[in-house]
Amino acid sequence: MAWDSIIGQTRAKNLLRAAITGGRVPHAYLFTGAEGVGKDAAAIELAKALRCQQLGPQATPCGNCRNCQNVAALQHSNVRFVFALPTGKGEDGRADSPLLKLSDGEISQIQEQVALKAANPYHNITIPRAQQIKISSIREVKRDIAFAATEPGWRIVIISEAHQMGEEAANAFLKTLEEPAPNTLLILTSSHKEQLLQTILSRCQEVRFDMLTDAEIAEALVARNNIPRKDALLLSKLAEGSYSRAVELTNSDLQQLRFDVVSFLRAALKRSPMAVFAEVERLTTGTDRRSLERTLMLLLLWFRDAMLLRLTGREESVVNQDQVKDIQSFNSKFANASTDRLIRSVEEAIGAVRGNAQSQLAFIVLALRMESICYS
Numbered sequence: 011m012a013w014d015s016i017i018g019q020t021r022a023k024n025l026l027r028a029a030i031t032g033g034r035v036p037h038a039y040l041f042t043g044a045e046g047v048g049k050d051a052a053a054i055e056l057a058k059a060l061r062c063q064q065l066g067p068q069a070t071p072c073g074n075c076r077n078c079q080n081v082a083a084l085q086h087s088n089v090r091f092v093f094a095l096p097t098g099k100g101e102d103g104r105a106d107s108p109l110l111k112l113s114d115g116e117i118s119q120i121q122e123q124v125a126l127k128a129a130n131p132y133h134n135i136t137i138p139r140a141q142q143i144k145i146s147s148i149r150e151v152k153r154d155i156a157f158a159a160t161e162p163g164w165r166i167v168i169i170s171e172a173h174q175m176g177e178e179a180a181n182a183f184l185k186t187l188e189e190p191a192p193n194t195l196l197i198l199t200s201s202h203k204e205q206l207l208q209t210i211l212s213r214c215q216e217v218r219f220d221m222l223t224d225a226e227i228a229e230a231l232v233a234r235n236n237i238p239r240k241d242a243l244l245l246s247k248l249a250e251g252s253y254s255r256a257v258e259l260t261n262s263d264l265q266q267l268r269f270d271v272v273s274f275l276r277a278a279l280k281r282s283p284m285a286v287f288a289e290v291e292r293l294t295t296g297t298d299r300r301s302l303e304r305t306l307m308l309l310l311l312w313f314r315d316a317m318l319l320r321l322t323g324r325e326e327s328v329v330n331q332d333q334v335k336d337i338q339s340f341n342s343k344f345a346n347a348s349t350d351r352l353i354r355s356v357e358e359a360i361g362a363v364r365g366n367a368q369s370q371l372a373f374i375v376l377a378l379r380m381e382s383i384c385y386s
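All letters in the sequence shown, in the order written, are residues 11 to 386 by the numbering used here.
Written as structure tokens, this is what we have:
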């Protein structure tokens, strides 16, 4: 599998392989792009290629040698994987080890997350209270680089979501960038490069990772997660270019969310304020913003299907295949309703929910706009 294990990203993969085969690997890379598009996965694959004992054509790591297996397990002595950690009880920033003041329970959580990351490089490491990459983690990196490597060959440091470095950690890391050690590669990944110091940005070679296409995400869901193709297509539309987000969605009750969409639409078109208020209260009470956003994304897809059916009449292009008759009925009953305006109204509601607007108000406003558009 090797580089093929990274979904899409042909341009980025070709650039990295060319750097290896041409002997032009810089001292520091910055992999940028949205969350869940393969930045960490590519960083780990690059580390495998540089450490592989039986490197194949086009800088393809064998995946079988001891080095490849240890890098993949995030347990190679010459490869360090750095990420945000919680602050320990009584920790004052002068500790030499980032784990020193953490409880046994916290260390177990970290070990579990690292194991999940090793099993699936697209896994988003999630640790309670882990908001920053600690200065002690950077000190540990600097110490490792200062001493002789335990094995010959490349030493690689991967800093995942490097924008999470606090000011002190970022300034300490900058010194490492300014004085690169021989045979050492620093790989920073970030979904928010605008939060990194300009002095760090200027010292790294940036590799941009694109949003994944719906087709790439759907294919990966079918092949890797055993998701039925019709569900994979729907999930890919909701994932907004992120495979990780699509996988998150597989753990949600998608059928319930789809029921909520139709129920909300029906309430909005009853021309009854009481029906709207009751439905909005049912939808929003005890529901987190992420789920509400997903409901709105599904509604957006529903209206896009309605528009597509109106314009082309091609049922096979509809995402909500099991709701074609309902969509056709909507188009027939509300033939003069502007699907373009309906779509814009839903997009505005999504923006409001993402912007921390009052959720109930955002849904009520949307329902009233939908009613106005459909009956005008």
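Glycine residues also receive a C-beta, built at the ideal position from the N, C-alpha and C atoms.
Please state whether the Cβ-Cβ distance between residue i and residue j is less than 9 Å.
i, j, result
"H133", "Q123", "yes"
"I169", "M175", "yes"
"K58", "V92", "no"
"N77", "I166", "no"
"R27", "W13", "yes"
"V151", "R90", "yes"
"L135", "A94", "For the record, residue 135 in the displayed sequence is Ile; it is not Leu. For I135 and A94, yes; Cβs fall inside 9 Å."
"Q64", "N74", "yes"
"L318", "K203", "no"
"G361", "V47", "no"
"V272", "D336", "yes"
"I210", "A249", "no"
"L302", "S369", "yes"
"L371", "F313", "no"
Under a Cβ-count criterion, where at least 16 other Cβ atoms within 10 Å of its own Cβ denotes burial, should residue i be classed as buried or exposed?
i, result
"R300", "exposed"
"T31", "exposed"
"S200", "buried"
"E55", "buried"
"E291", "exposed"
"T20", "exposed"
"S386", "exposed"
"T70", "buried"
"V192", "Here the sequence assigns Pro to residue 192, which means Val is not the residue at that position. Classification of P192: exposed, given that the 10 Å Cβ count is below 16."
Along the beta strand (DSSP E) that carries residue i, what are the first and last residues, could you check?
i, result
"L196", "T194 to S200"
"I169", "R165 to I169"
"A38", "A38 to T42"
"R213", "Premise fails: R213 is in no beta strand (DSSP E) and is neither H nor E."
Alpha carbon to alpha carbon, what distance is there between residue j and residue i?
i, j, result
"I120", "I137", "7 Å"
"G43", "V217", "9 Å"
"I17", "K247", "16 Å"
"R304", "Y253", "15 Å"
"K185", "A230", "40 Å"
"A125", "A51", "14 Å"
"A225", "G98", "43 Å"
"S212", "S147", "22 Å"
"W164", "F157", "14 Å"
"E381", "S339", "16 Å"
"A278", "N130", "42 Å"
"E189", "F183", "10 Å"
"E289", "P283", "10 Å"
"K343", "A285", "20 Å"
"R139", "E116", "10 Å"
"D350", "L306", "15 Å"
"S118", "P67", "39 Å"
"N346", "C384", "7 Å"
"I237", "L207", "41 Å"
"A359", "G296", "19 Å"
"R239", "C72", "31 Å"
"A367", "V375", "12 Å"
Just to check my reading of the structure: residue i and residue j have Cβ atoms closer than 8 Å, yes? What is that Cβ distance to the nearest angstrom?
i, j, result
"L275", "L309", "7 Å"
"L293", "F219", "No, L293 and F219 are not in contact; Cβ-Cβ is about 35 Å, not under 8 Å."
"A316", "N341", "6 Å"
"R379", "S348", "Not a contact, Cβ separation roughly 11 Å."
"H37", "T194", "7 Å"
"K144", "A179", "6 Å"
"L245", "T223", "Not a contact, Cβ separation roughly 13 Å."
"V329", "L243", "6 Å"
"I197", "A53", "4 Å"
"L112", "P96", "7 Å"
Span of the alpha helix (DSSP H) holding residue i?
i, result
"F91", "Per DSSP, F91 belongs to no alpha helix (DSSP H); it is in the beta strand (DSSP E), V89 to V92."
"R300", "R299 to T322"
"E289", "P283 to T294"
"Q123", "D114 to A129"
"A22", "T20 to T31"
"V271", "L264 to A278"
"K335", "V334 to K343"
"S107", "Unbroken run through S107: none, as it is neither H nor E."
"D224", "D224 to N235"
"V363", "T349 to R364"
"C62", "Run containing C62: none; DSSP gives neither H nor E here."
"Y132", "Premise fails: Y132 is in no alpha helix (DSSP H) and is neither H nor E."
"L387", "Residue numbering for the chain in the displayed model covers 11 to 386; residue 387 lies beyond these limits and cannot be assessed."
"D154", "I145 to A156"
"C75", "Premise fails: C75 is in no alpha helix (DSSP H) and is neither H nor E."
Using beta carbons (cut-off 9 Å, strictly below), is residue i in contact with chain B?
i, result
"F340", "As a matter of chain content, chain B is missing from the structure shown, which is built from one protein chain."
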